[in-house]
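For the record, the sequence lines run as chains A and B. Per UniProt numbering: the first sequence ends with 337, consecutive numbering throughout. Per UniProt numbering: the second sequence ends with 337, consecutive numbering throughout. Note that CB positions come from ideal geometry on N, CA and C, so glycine has one too. Below is one structure, written out as structure tokens, with a few remarks after it.
There are 2 protein chains.
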Amino acid sequence: MVTIKDIAAILQVSPSTVGRALADDRRISAEMKRKVNEAATQVGYVANQAARMMRGVESNLVGLIVPDIRNSFYSTIAHALSRCLLSANYQLTLCETDDDRMLELRHIKELTSVNVAGIILVPSAKPHPDSARFLKMTPHIQLLRKQQLLGEQWFGIDDRRALYESTLHILSEGHRRIAYIGGTEALPTGAARVQGFREAVKTSSHQVDIHEELGAPSSPEFGREAVRRLLSLKERPTALVIGAVQNTSGVIDEIQDQALSVPRDISVVGFGDELGYRWWGPGLTTVQLPVSQLATACGLWFLHHLQNKGDLDTPYSFISPPQLIIRGSTAAPSNPR
Amino acid sequence: MVTIKDIAAILQVSPSTVGRALADDRRISAEMKRKVNEAATQVGYVANQAARMMRGVESNLVGLIVPDIRNSFYSTIAHALSRCLLSANYQLTLCETDDDRMLELRHIKELTSVNVAGIILVPSAKPHPDSARFLKMTPHIQLLRKQQLLGEQWFGIDDRRALYESTLHILSEGHRRIAYIGGTEALPTGAARVQGFREAVKTSSHQVDIHEELGAPSSPEFGREAVRRLLSLKERPTALVIGAVQNTSGVIDEIQDQALSVPRDISVVGFGDELGYRWWGPGLTTVQLPVSQLATACGLWFLHHLQNKGDLDTPYSFISPPQLIIRGSTAAPSNPR
DNA sequence: TTGAAAGCGCTAACAC
DNA sequence: GTGTTAGCGCTTTCAA
Numbered sequence: 001m002v003t004i005k006d007i008a009a010i011l012q013v014s015p016s017t018v019g020r021a022l023a024d025d026r027r028i029s030a031e032m033k034r035k036v037n038e039a040a041t042q043v044g045y046v047a048n049q050a051a052r053m054m055r056g057v058e059s060n061l062v063g064l065i066v067p068d069i070r071n072s073f074y075s076t077i078a079h080a081l082s083r084c085l086l087s088a089n090y091q092l093t094l095c096e097t098d099d100d101r102m103l104e105l106r107h108i109k110e111l112t113s114v115n116v117a118g119i120i121l122v123p124s125a126k127p128h129p130d131s132a133r134f135l136k137m138t139p140h141i142q143l144l145r146k147q148q149l150l151g152e153q154w155f156g157i158d159d160r161r162a163l164y165e166s167t168l169h170i171l172s173e174g175h176r177r178i179a180y181i182g183g184t185e186a187l188p189t190g191a192a193r194v195q196g197f198r199e200a201v202k203t204s205s206h207q208v209d210i211h212e213e214l215g216a217p218s219s220p221e222f223g224r225e226a227v228r229r230l231l232s233l234k235e236r237p238t239a240l241v242i243g244a245v246q247n248t249s250g251v252i253d254e255i256q257d258q259a260l261s262v263p264r265d266i267s268v269v270g271f272g273d274e275l276g277y278r279w280w281g282p283g284l285t286t287v288q289l290p291v292s293q294l295a296t297a298c299g300l301w302f303l304h305h306l307q308n309k310g311d312l313d314t315p316y317s318f319i320s321p322p323q324l325i326i327r328g329s330t331a332a333p334s335n336p337r
Numbered sequence: 001m002v003t004i005k006d007i008a009a010i011l012q013v014s015p016s017t018v019g020r021a022l023a024d025d026r027r028i029s030a031e032m033k034r035k036v037n038e039a040a041t042q043v044g045y046v047a048n049q050a051a052r053m054m055r056g057v058e059s060n061l062v063g064l065i066v067p068d069i070r071n072s073f074y075s076t077i078a079h080a081l082s083r084c085l086l087s088a089n090y091q092l093t094l095c096e097t098d099d100d101r102m103l104e105l106r107h108i109k110e111l112t113s114v115n116v117a118g119i120i121l122v123p124s125a126k127p128h129p130d131s132a133r134f135l136k137m138t139p140h141i142q143l144l145r146k147q148q149l150l151g152e153q154w155f156g157i158d159d160r161r162a163l164y165e166s167t168l169h170i171l172s173e174g175h176r177r178i179a180y181i182g183g184t185e186a187l188p189t190g191a192a193r194v195q196g197f198r199e200a201v202k203t204s205s206h207q208v209d210i211h212e213e214l215g216a217p218s219s220p221e222f223g224r225e226a227v228r229r230l231l232s233l234k235e236r237p238t239a240l241v242i243g244a245v246q247n248t249s250g251v252i253d254e255i256q257d258q259a260l261s262v263p264r265d266i267s268v269v270g271f272g273d274e275l276g277y278r279w280w281g282p283g284l285t286t287v288q289l290p291v292s293q294l295a296t297a298c299g300l301w302f303l304h305h306l307q308n309k310g311d312l313d314t315p316y317s318f319i320s321p322p323q324l325i326i327r328g329s330t331a332a333p334s335n336p337r
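See the structure below:
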């Protein structure tokens, strides 16, 4: 490993001169800076961050904790954040929790241990109390999901409104037997979404039959099973409203496998917007969430506070509105009551 | 920040005793260890990795460099690797290059600077010579793409064979006017894939018309344009063979927009296997690449070498075979010559 | 079984 | 404008 001492030895100057030259200190002559920089690139010098940090210089690592990076929500977030952080010379450290609170705690400890400048996290369903304790030691902000326990700052999406709007759309098409397939109410997002669904239904002046399939954890498999259960009812729902990304692919696969015609036999509103939704049958009507914008906004805000030592404790929520994308999978029911 | 000194002060022992107790040194009495551990959790002590590293202890960070995490190839890789590394207590640091060699170099320097234990990378098209120089200082291994310049160890996929097989499939269906839409030959993967395409064509005993659309960089937009160009030919190809993931969605979107009937008007073989490919029209026939397995194998191998100080210099290639998934988008041409 | 002390590479306060 | 020196938190000799 090449250190500033080595460079100092080569140029016959003191280590501090080299250090200052590399830090572009204004007390160092241009000539010396030139020589030092030349020698540094010559021998392939790379500053030792560990040593810097021991001197109190802040780390340029930011931890990102998400459930599963393969989920396009989270890879979009990771991408947007890494772009955003890069511009300020920060690196992203990726941690996956698989929605496991112990794993989450382990990652938080680990990140604290490497002195990350901050942590951006999508918290798990029921975080460990110790996670909150360790997070107190590090600037952090929550994304998408919000757990009171972990802090007061949050960038999220209006989940209630997302489902409110997709349900309203279905109602406006004339459906009166509607099923909701979503995640558990234990997750704040899950709770907000069913709530949105229920509220929308309440606004209807007609009598509306509803079925709720709330699964934990959300998964394609749960989506499939929910569809099977719903189709076996005497009175089948004429429309399906989905309230979790992970459920969506299972639901639409099952509908395809059962050879139902969409939207004739059944209308479907998806959640999230994966690449392939537009290819499915007549195109899946869905609520699109502005995840990329959200992550960028979050990254900028976070950076701003890291750099200005601003406090990330005062409660603040940034709520971003969803957008309904209407494709071919929703229409009026073929035989309304 | 809580240090071992603080714990030492609380327990009225020396810092070294605390350090040893935490390291589970066998010379420390069980009683003392118990007290130290209790005090440590009590006050929320977290070891300072920076300080450890200064003493020569290896970092537990592994750098992952990929072009774009939103690409499902790379998010799959990131997921598989992070699982794999987690079991050995390593963390993943994510870097996106956007296929930009300067960005790649910057990331490599940065990673060297934080003393990562190693680097796993999907190299860019034409890496900067300095990247090679800095990589020499750190254990590293290449994934998917292989650049001689950057090192000798590589875990990849048999790209030549992937295209060889998809082309063979198309030929066996009876097509004689075939177009290839893929990436530039400047990338090793791109080159191998066209080569596979050409070799397959050569095996045919019939006369086969081919068109090659090689784009750089690959993108949905390029895919769309390529399709438009191909469809405007007097003699339209009856089959399309795709040789790049990024092109695939553009190609199939354009075919859908042009309202072509697949496979009647044209047959299509895709590349990679995104979630939505099975929803597109009659289902997209495609070559599936075992990316997850590949990444896991790579992670295991890498860990093994990190932990055993094994050398990662001796040339070694691990090549994984692709698999053709036949769905509905390929059939015999409706009006063969 | 425990303590004292050196030193990793760097920065910054203090000299000159 | 440049050199000297102390010290960040930890591990690891060497001493006791």
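So with Cβ pairs under 8 Å, would you call B:Asp99 a contact of chain A? no
Span of the beta strand (DSSP E) holding A:Ser317? Tyr316 to Ser320
Across the stretch 72-80 of chain B and the stretch 35-51 of chain B, are there enough close Cβ pairs to call them in contact, namely three or more that are closer than 8 Å? no
Chain A within 8 Å of B:Asn115, Cβ atoms only: yes
Use the C-beta contact count for A:Val57: other C-beta atoms within 10 angstroms, 16 or more gives buried, fewer gives exposed. exposed
Under 7 Å between beta-carbons, which chain A residues line up against B:Glu110? List them in chain order, please. Gln91
For B:Ala69, return the contacting residues in chain A, with the cut-off set at a CB-CB distance below 8 Å. Looking at the sequence shown, residue 69 of chain B is not Ala but Ile. Near B:Ile69 (Cβ distances below 8 Å), the residues of chain A are Ile69, Ser75, Ala78, His79 and Ser82.
I want to see whether chain B comes within less than 8 Å of A:Cys95, judged by CB atoms only; does it? yes
So with CB distances below 9 Å, who are the chain B contacts of A:Arg133? Gly44
Within the 8 Å Cβ cut-off, does B:Lys309 reach chain A? no
Residues, ordered as in the chain, of the stretch 268-280 of chain A that lie near chain B by beta-carbon distance below 9 Å: Glu274, Leu275, Gly276, Tyr277, Arg278, Trp279 and Trp280
Using a 10 Å radius around the Cβ and a threshold of 16 neighbouring Cβ atoms, would you call B:Asn89 buried or exposed? exposed
Determine whether the Cβ of A:Met102 lies closer than 8 Å to any Cβ atom of chain B. no
Would you verify that the beta carbon of A:Ala21 is, or is not, closer than 8 Å to some beta carbon of chain B? no
B:Ser249 at chain A interface by Cβ criterion, 8 Å: yes
Could you compute how far the alpha carbon of A:Asp62 sits from the alpha carbon of B:Ser204? First, the residue type needs correcting, since residue 62 of chain A is Val and not Asp in the sequence shown. Going by the C-alpha atoms only, they are around 55 Å apart.
Any beta-carbon of chain B closer than 8 Å to the one on A:Gln49? yes
Any chain A beta carbon closer than 8 Å to B:Pro15: no
Burial state of A:Gly310 (16 or more Cβ within 10 Å): exposed
Near A:Lys35, which residues of its chain fall below 7 Å by C-beta distance, leaving aside the five closest residues on each side in sequence? Leu11
Which term fits B:Ser329, buried or exposed, when burial requires 16 or more other beta carbons within 10 angstroms of its beta carbon? buried
Length of the line joining the Cα atoms of B:Ser320 and B:Ile252: 27 Å
For the stretch 111-145 of chain B, list the beta strand (DSSP E) runs that are entirely contained and at least 3 residues long, ordered along the chain. 118-121 and 140-143
Tell me whether B:Val194 is buried or exposed, calling it buried when 16 or more other Cβ atoms sit within 10 Å of its Cβ. buried
What would DSSP say about A:Gln293, mapped onto helix, strand or coil? helix
Count the CB pairs spanning the stretch 102-113 of chain B and the stretch 131-140 of chain B that are closer than 8 Å, and state whether there are at least three. yes
Unbroken alpha helix (DSSP H) run spanning A:Ser166, endpoints: Asp159 to Ser172
In the DSSP output, what is A:Trp280 paired with across the bridge? B:Trp280
Quick one: residues in its chain with C-beta nearer than 8 Å to the C-beta of B:Val201, no 5 flanking neighbours on either side, listed in chain order? Thr167, Leu171, Ile178, Val208 and Ile210
A:Val66 - DSSP class collapsed to helix/strand/coil: strand
Checking contacts by CB at 8 Å: is A:Met54 closer than that to chain B? yes
What runs of the beta strand (DSSP E), each 3 residues or longer, lie entirely inside the stretch 225-284 of chain A? 239-243 and 267-271
Residue(s) in a DSSP beta bridge with residue 343 of chain A: Residue 343 of chain A lies beyond the range of chain A shown here (1 to 337); nothing can be said about it.
Where A:Val66 and B:Ala297 are concerned, what is the direct C-alpha to C-alpha distance, given to the nearest angstrom? 23 Å
Run through DSSP, which three-state label would B:Lys33 get? helix
A:Leu187 by DSSP, collapsed to three states: which one? coil
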